[in-house]
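J.:
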Amino acid sequence: MAITGSTEVRSGPIRLGMVGGGKDAFIGAVHRIAARLDNEFQLVAGALSSTPERSVESGLALGLDRDRIYGTFEEMAEKEAARPDGIEAVAIVTPNHMHYPAAAAFLTRGIHVICDKPLTSTLEDAEKLVKLAKESAALFVLTHNYTGYPMIRQAREMVQNGELGTIRVIHAEYVQDWLTVPAEKSGSKQAEWRTDPARSGAGGAIGDIGTHAFNLLSFVTGLKTVELAADLHRFVPGRRVDDNAHIMLRLENGAKGMLWASQVAPGNENGLSLRVYGDKGGIEWFQEEPNKLWFAPFGEPKRLITRNGPGAGPAAARVTRIPSGHPEGYLEGFANIYAEAARAIRAKKAGEPLPSDVIFPTVEDGLAGMKFIDACVRSSEKNGSFVTL
1 MAITGSTEVR
11 SGPIRLGMVG
21 GGKDAFIGAV
31 HRIAARLDNE
41 FQLVAGALSS
51 TPERSVESGL
61 ALGLDRDRIY
71 GTFEEMAEKE
81 AARPDGIEAV
91 AIVTPNHMHY
101 PAAAAFLTRG
111 IHVICDKPLT
121 STLEDAEKLV
131 KLAKESAALF
141 VLTHNYTGYP
151 MIRQAREMVQ
161 NGELGTIRVI
171 HAEYVQDWLT
181 VPAEKSGSKQ
191 AEWRTDPARS
201 GAGGAIGDIG
211 THAFNLLSFV
221 TGLKTVELAA
231 DLHRFVPGRR
241 VDDNAHIMLR
251 LENGAKGMLW
261 ASQVAPGNEN
271 GLSLRVYGDK
281 GGIEWFQEEP
291 NKLWFAPFGE
301 PKRLITRNGP
311 GAGPAAARVT
321 RIPSGHPEGY
331 LEGFANIYAE
341 AARAIRAKKA
351 GEPLPSDVIF
361 PTVEDGLAGM
371 KFIDACVRSS
381 EKNGSFVTL
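Note that full-length UniProt numbering numbers the sequence shown so that position 93 is 93, with each residue one more than the last.
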């Protein structure tokens with residue numbers, strides 16, 4: 001990641017542990033790639049599975065020392081905190097219901113936490129985690145990875161600079177098709193826990209992917225959602241959580257928003273998109289073509305801004321690694337969150353304030369996501385009536 005104006009002196013990679021993310025866990029591998037892409041972190045310890053045997057198997061396959069592979073995250077937190085060379089940060093990549101207890105174990109020992117989204121499985125746990133994070137000297141980073149994409153940083157900068165004027169209309173969607181059939185009944189590990197409310201929480205599609213869309217619209221516009229009306233539905237017979245959601249949003253400046261989240265839309269693989277329209281112009285971004293941002297000033301021809309191309313500003317340039325025309329995407333966006341976390345951790349270690357240009361999703365962003373899920377469930381239970389967040 002290109003970081004301009006930095007005078008930081010590094011003292012080697014940050015020692016990283018991982019909770020979850022063992023054998024056959026998709027997101028664990030993503031986090032490990034992202035963590036090492038800029039040589040900022042080194043994985044040295046792990047409690048990688050819900051069983052000690054699988055944890056050892058996964059840890060040895062990753063090349064970890066046997067004495068730093070743990071059967072539980074509690075054991076890892078205790079023993080690593082006591083080591084002079086113990087982990088400085090931990091990545092939590094478990095199903096949602098384990099986020100709170102795992103994060104609490106490390107935050108209370110002063111170990112920085114990098115946690116996958118959503119923040120927790122319940123609003124109650126989210127509120128407790130916010131309190132713990134504020135009391136801890138350690139940082140809490142939430143990996144809403146799409147906020148790391150250069151053209152999302154570009155869009156945010158354009159909104160902040162007033163290039164769109166007063167924001168009026170926002171449309172966000174995240175649509176997939178992989179749960180069109182009951183994959184949770186055919187051996188899909190990823191589908192099993194995501195459709196189990198005991199592990200995922202009350203939200204299905206809204207928790208898994210809807211929170212990404214909600215976080216993205218909040219990140220780019222800087223606006224808070226005041227009220228929403230949600231229609232949540234389970235199309236697959238026997239499914240216990242929503243697999244499709246239509247949501248109307250009312251934002252703090254009077255802007256109106258729409259959000260569609262679905263995992264039962266055939267023909268859609270990873271269709272995250274964001275459209276923002278103000279009284280001076282509009283922007284459109286599509287995650288499956290992440291290096292492009294369309295800008296339409298009112299009354300003028302539509303313009304294409306590309307990552308590291310003409311018209312791209314410093315906010316995008318700072319998180320861009322390679323020249324324009326060479327695609328950057330999902331893994332690099334994730335890595336940008338890790339790189340931002342590394343700068344913050346190094347500043348903390350040096351007793352310095354966090355660099356002003358460092359941006360990463362916080363525990364408060366995670367709480368906002370949990371309030372979004374809670375409001376969607378409450379609204380849908382009231383036949384789609386508007387409720388406050």
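For every residue, glycine included, the Cβ atom is placed at its ideal position computed from N, Cα and C.
Using 9 Å as the threshold, is the C-beta distance between T120 and H97 below it?
T.: Along the sequence shown, one-based indexing puts residue 120 at 120. Along the sequence shown, one-based indexing puts residue 97 at 97. In this structure, H97 lies closer than 9 Å to T120 by Cβ.
J.: What do you reckon, are the CB atoms on W260 and E381 nearer than 9 Å?
T.: Residue numbering aside, residue 260 sits at position 260 when the sequence shown is read from its first letter. Residue numbering aside, residue 381 sits at position 381 when the sequence shown is read from its first letter. Not in contact: W260 and E381 (Cβ atoms no closer than 9 Å).
J.: What do you reckon, are the CB atoms on residue 421 and G22 nearer than 9 Å?
T.: The structure shown has nothing for residue 421, since the chain only spans 1 to 389.
J.: By a C-beta neighbour count over all protein chains shown, 10 Å radius and 16 as the cutoff for buried, is P150 buried or exposed?
T.: Taking the sequence shown and counting its residues from 1, one reaches residue 150 at position 150. P150 comes out buried.
J.: Am I right that I170 and N253 are in contact with their C-beta atoms under 8 Å? What's the rounded C-beta distance?
T.: One-based indexing of the sequence shown puts residue 170 at position 170. One-based indexing of the sequence shown puts residue 253 at position 253. I170 to N253, Cβ: 11 Å. No contact.
J.: Would you check if there are 3 or more beta carbon pairs closer than 8 Å linking the stretch 231-240 to the stretch 144-163?
T.: No: fewer than three Cβ pairs fall under 8 Å.
J.: Give the straight-line distance between the Cα atoms of A102 and L304, rounded to the nearest whole angstrom.
T.: Sequence index remark: in the sequence shown, residue 102 carries index 102 (1-based). Sequence index remark: in the sequence shown, residue 304 carries index 304 (1-based). So the two alpha carbons sit approximately 43 Å from each other.
J.: Just grab the DSSP bridge partners of Q42 for me.
T.: Taking the sequence shown and counting its residues from 1, the one referred to as residue 42 is at position 42. Answer is R15.
J.: Based on Cα-Cα distance, which residue from G201, A229, E184, R318 lies nearest to N308?
T.: Start at 1 with the first residue of the sequence shown, and residue 308 comes out as number 308. That would be R318, whose Cα lies nearest to the Cα of N308.
J.: From the DSSP output, read off the bridge partner residues of E352.
T.: Mapped onto the sequence shown, residue 352 falls at position 352. E352 is not bridged to any residue.
J.: Roughly how many whole angstroms lie between the Cα atoms of D243 and S262?
T.: Residue numbering aside, residue 243 sits at position 243 when the sequence shown is read from its first letter. Residue numbering aside, residue 262 sits at position 262 when the sequence shown is read from its first letter. Those two C-alpha atoms are separated by around 6 Å.
J.: Any contact between the stretch 292-303 and the stretch 184-202? By contact I mean 3 or more CB pairs, one from each, below 8 Å.
T.: No, because fewer than three Cβ pairs between the stretch 292-303 and the stretch 184-202 fall closer than 8 Å, the two stretches do not touch.
J.: Taking the alpha-carbon positions, what's the C115 to G325 distance?
T.: Here the question's residue 115 lines up with position 115 in the sequence shown. Here the question's residue 325 lines up with position 325 in the sequence shown. Rounded to the nearest angstrom, the two C-alpha atoms are 32 Å apart.
J.: Buried or exposed, going by whether 16 or more other CB atoms sit within 10 Å of the CB of residue 394?
T.: No information on residue 394 is available, as it lies outside the stretch 1 to 389 that the chain covers here.
J.: By the DSSP assignment, the alpha helix (DSSP H) with R194 in it spans what residues?
T.: Along the sequence shown, one-based indexing puts residue 194 at 194. Where R194 is concerned, the enclosing alpha helix (DSSP H) stretches over 189-194.
J.: Please list, in chain order, all residues of the same chain as I206 whose beta carbon is under 7 Å from its beta carbon, the five residues on each side excluded.
T.: The count along the sequence shown starts at 1 and reaches residue 206 at position 206. Contacts found: L232, D242, A245, A261, I373, C376.
J.: Tell me whether G148 sits in a helix, a strand or coil according to DSSP, three-state version.
T.: Counting from one through the sequence shown, the residue named residue 148 turns up at place 148. Note: G148 maps to helix in three-state DSSP.
J.: R250 bridges to which residues according to DSSP?
T.: The residue labelled residue 250 in the question sits at position 250 within the sequence shown. For R250, which the question treats as bridged, DSSP gives the partners E227, K256.
J.: Three-state secondary structure (DSSP) at G333?
T.: Taking the sequence shown and counting its residues from 1, one reaches residue 333 at position 333. If DSSP states are grouped into helix, strand and coil, G333 belongs with the helices.
J.: In terms of residues, what are the limits of the alpha helix (DSSP H) holding L37?
T.: Within the sequence shown, residue 37 is the residue found at index 37, counting from 1. L37 -> no alpha helix (DSSP H), and no H or E assigned at all.
J.: Round the Cβ separation of L142 and V363 to the nearest angstrom and send it over; I've been treating them as touching at under 8 Å.
T.: The count along the sequence shown starts at 1 and reaches residue 142 at position 142. The count along the sequence shown starts at 1 and reaches residue 363 at position 363. That pair is a contact at about 7 Å.
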